[in-house]
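Participant: In the working numbering, the protein residues as written are 255 to 754.
Each residue gets a CB set at the ideal place from its N, CA and C atoms; glycine is no exception.
The structure's right below; bear with me while I get my questions together.
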Amino acid sequence: MTVDMWEHAARMFEPVEAKWDTPGAMAQATNPKTVQTPALDLIDKALVEAFNTPDSRLIVCMAPQEGKSVRVANDFPIWALTQNPDLRIVTASYAQGLANRNGRAIRNRIQANPDLGLQIANDNGSVSEWTLQGHQGGVLSVGIGAGVTGRPADMMIIDDPIKDRKEADSETYRDNVWDWWTDAASARLAPGAPVVVILTRWHQDDLAGRLLERDTEAGWKVLNIPAQADHRPEKGETDPLGRAPGEFMVSARGRTRQQWERRKATAGPRTWASLYQGRPSPDQGGVFPAAEEWARYNQPLWVAREDGSRIVPGIGRDDHELVQSWDLTFKDKQASDYVVGQVWLRVGAHAYLLDMVRERMNFNASLAAVKAMSAKWPQAVAKFVEDKANGPAVINSLNSQLVGLIPIEPEGSKTARANAVSPLVYSKSVVLPEPELLPNVEELVEEAKNFPNGAHDDTIDAFSQAVNRLLLMPLLNEGRTIEPDVYDEYNEQGWSISPV
């Protein structure tokens with residue numbers, strides 16, 4: 255017998271005698287590995303409310319590896335089916351492989367627990383799509399971007415639509431996720447269907463950010479549980495768990511306060527603010543720290559000669575290195591980007607900015623600027639030039655006049671490259687001159703303050719290119735990987751990253 259869609263919607267919300275009041279209670283009764291924390295209690299409450307509210311919209315944000323995905327993408331759909339075995343549930347994740355694992359886990363839990371009162375249909379038990387014996391309900395598991403045409407959803411759960419920082423920093427990928435939601439997923443929602451999005455926040459413009467900004471009429475509710483309580487009364491915020499300021503959450507993985515502190519230190523401010531606090535932009539400093547927090551020096555590190563050139567003592571020693579870094583464009587129009595050339599000195603594990611030119615220049619002026627900087631700093635033989643846009647033309651034109659022109663192929667987005675060197679700024683391994691020594695240094699600080707949302711970022715491109723080669727590439731040569739935890743390894747292995 256065919257069930258009218260409105261009749262099905264009405265049946266969805268008929269009161270059912272519940273065996274378990276919450277997904278957490280069901281999980282504790284059917285899964286001996288379940289760990290219940292105050293944060294998961296709060297998530298349970300929000301899930302039950304969302305389930306019992308037609309057309310509800312819920313976003314849940316919490317630190318990685320604290321049980322949110324298991325509770326929302328595994329326990330919750332099983333619990334929902336015990337409430338109403340006719341529910342047609344769609345679960346989605348960033349990749350089909352992860353979606354399949356979630357679908358398999360739900361199916362296996364049901365098969366292993368007869369007390370749930372559910373049975374997988376004999377003729378429909380694939381990991382990505384199955385139904386319950388004798389009922390319309392079941393689970394369809396899809397990857398973001400996969401089609402759901404013809405598959406109505408009485409409930410939808412989206413678990414981690416973005417995989418990692420690389421995807422989060424890609425506007426193209428963020429657009430793809432949004433297009434999937436607007437064009438495919440949301441169009442399959444049955445009347446009254448609740449939607450729950452569970453994620454770790456990577457970016458202001460991720461799916462959660464766009465839903466809150468663009469889908470305002472839907473009434474999205476946000477449950478954000480930061481790893482560390484940081485009340486912001488000026489914004490009307492209190493801690494959802496009622497913790498004292500600075501108190502860390504009770505960890506489902508058993509993290510101690512010391513381990514939380516270590517995680518906070520190694521993650522860096524941007525990662526901590528986004529992944530662990532649920533606020534993709536730190537309150538101050540953005541990708542880079544506030545202006546007053548940059549390390550500075552106030553005495554010249556060079557000797558000026560009568561001919562106008564500058565010499566740096568110590569160049570030639572293993573722990574001293576002097577380089578130029580160039581980000582080039584040729585348009586000298588008012589609205590164009592800037593040509594930026596910088597001189598950087600490495601002393602041990604610290605990089606010092608010595609000089610910078612930042613002007614709108616045409617092609618000939620750009621060539622003259624590179625030659626002038628080379629004459630001013632004759633020891634800066636290595637000249638890093640970004641090998642895209644106008645860089646190759648400059649290299650071709652100057653190869654017969656200057657030595658040491660090194661094309662650098664940029665890896666990843668501008669934001670990804672800036673993120674790679676950002677911890678070195680916070681750790682005081684990057685040192686800027688006071689304005690008395692280099693007046694235009696404040697142009698770099700201003701661009702850093704507004705990055706990545708400022709009108710210009712040319713000084714940041716040149717800076718990240720130089721610091722990457724001076725401070726990070728030696729680690730790669732040692733076989734090390736550039737991840738937040740590497741800064742712990744610095745200290746443990748005796749690498750100095752403290753300010754001089």
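1) Look at the Cβ atom of I398, then the Cβ atom of V451, and state whether they are nearer than 8 angstroms.
2) Does the separation of the CB atoms of P480 and L296 fall below 8 angstroms?
3) Between the Cα of L659 and those of I649, G666, R550, spot the shortest distance and give me the residue it belongs to.
4) Could you give the DSSP three-state label for N673: helix, strand or coil?
5) Return helix, strand or coil for N338, following the three-state DSSP convention.
6) Touch check for the stretch 664-682 and the stretch 519-537: three-plus C-beta pairs under 8 angstroms?
7) Less than 8 angstroms between the C-beta atoms of V679 and P661, yes or no?
8) Going by DSSP in three states, Q578 sits in which element: helix, strand or coil?
9) Pick from L686, L372, N616: whose alpha carbon is nearest that of H604?
10) Tell me the DSSP secondary structure of D586 in three-state form.
11) Pairs of beta-carbons, one from the stretch 384-391 and one from the stretch 630-639, closer than 8 angstroms: are there three or more?
12) Among G371, P368, Q719, which has the Cα closest to the Cα of Q578?
13) Out of V344, A558, R358, which one is the CA nearest neighbour of A441?
14) Under the rule that 16 or more other beta-carbon atoms within 10 Å means buried, what is Q337, buried or exposed?
15) Can you tell me whether Q747 is buried or exposed? The criterion is at least 16 other CB atoms within 10 Å of its CB, across all chains shown.
16) Take D437 and list the residues in its own chain whose beta-carbon comes closer than 6 angstroms to its own, dropping the five residues that flank it on each side.
17) Where do the N-terminal and C-terminal ends of the beta strand (DSSP E) with N609 fall, by residue?
18) Out of A622, P693, E665, D641, point me to the one whose CA is closest to L652's CA.
19) Rounded to the nearest angstrom, how far is the Cβ of V396 from that of A353, given a contact under 8 angstroms?
20) Inspect the CB distances between the stretch 504-513 and the stretch 556-567 and report whether three or more fall short of 8 angstroms.
21) Whole angstroms are fine: how far does the CA of V476 sit from the CA of A293?
22) Mapping the DSSP letters down to three states, classify D641 as helix, strand or coil.
23) If you check the beta carbons only, do A462 and P406 fall under 8 angstroms apart?
24) DSSP has P661 in a bridge; who is on the other side?
25) Can you have a look at D715 and say buried or exposed, based on whether 16 or more other CB atoms are within 10 angstroms of its CB?
26) Out of M615, V699, V624, state which residue places its alpha-carbon closest to the alpha-carbon of R548.
27) Reducing DSSP to helix, strand and coil, say where F542 ends up.
28) Return yes when the Cβ of A506 is within less than 8 angstroms of the Cβ of G321, no when it is not.
29) Assuming R600 is part of the alpha helix (DSSP H), what are its boundary residues?
30) Out of curiosity, what's the CA-to-CA distance linking M610 and S424?
31) Residues bridged to P687 by DSSP?
32) Are the CB atoms of V597 and M615 nearer to each other than 8 angstroms?
33) Let me know the secondary structure DSSP gives E303 once reduced to three states.
34) Assuming L386 is part of the alpha helix (DSSP H), what are its boundary residues?
35) For P339, tell me which candidate among L466, I374, I565, T583 has the shortest Cα-Cα distance.
36) Should R612 and E697 be called a contact, given that it needs their Cβ atoms to be closer than 8 angstroms?
Facilitator: Here's the rundown:
1) No, they are not a contact pair.
2) no
3) I649
4) helix
5) coil
6) The stretch 664-682 vs the stretch 519-537: in contact.
7) Taking 8 angstroms as the Cβ cut-off, V679 and P661 do not qualify as a contacting pair.
8) strand
9) L686
10) Any reading at D586 is ruled out, since the residue's pLDDT is 48, under 50, leaving its predicted position unreliable.
11) no
12) Q719
13) V344
14) Buried is the call here.
15) Since pLDDT at Q747 reaches only 30, below the 50 mark, its modelled position is unreliable, and the value read off the structure follows with that caveat. Q747 is exposed by the Cβ-count criterion.
16) none
17) The residue asked about is misnamed: residue 609 is Asp in this sequence, not Asn. That run of the beta strand (DSSP E) goes 604-613.
18) A622
19) Their Cβ separation, rounded to whole angstroms, is 5 angstroms, which keeps V396 and A353 in contact under 8 angstroms.
20) With contact defined as three or more Cβ pairs closer than 8 angstroms, the stretch 504-513 and the stretch 556-567 are not in contact.
21) 14 angstroms
22) coil
23) Contact: no.
24) V639
25) buried
26) A quick correction: the sequence has Trp, not Arg, at residue 548. Nearest of M615, V699, V624 to W548, Cα basis: V699.
27) coil
28) yes
29) That residue, R600, is in no alpha helix (DSSP H); its beta strand (DSSP E) goes 593-601.
30) Inter-residue distance for M610 and S424 is about 30 angstroms (C-alpha atoms, whole angstroms).
31) Bridge partners of P687: Y551.
32) no
33) helix
34) Segment 383-386 is the beta strand (DSSP E) holding L386; no alpha helix (DSSP H) there.
35) I374
36) yes
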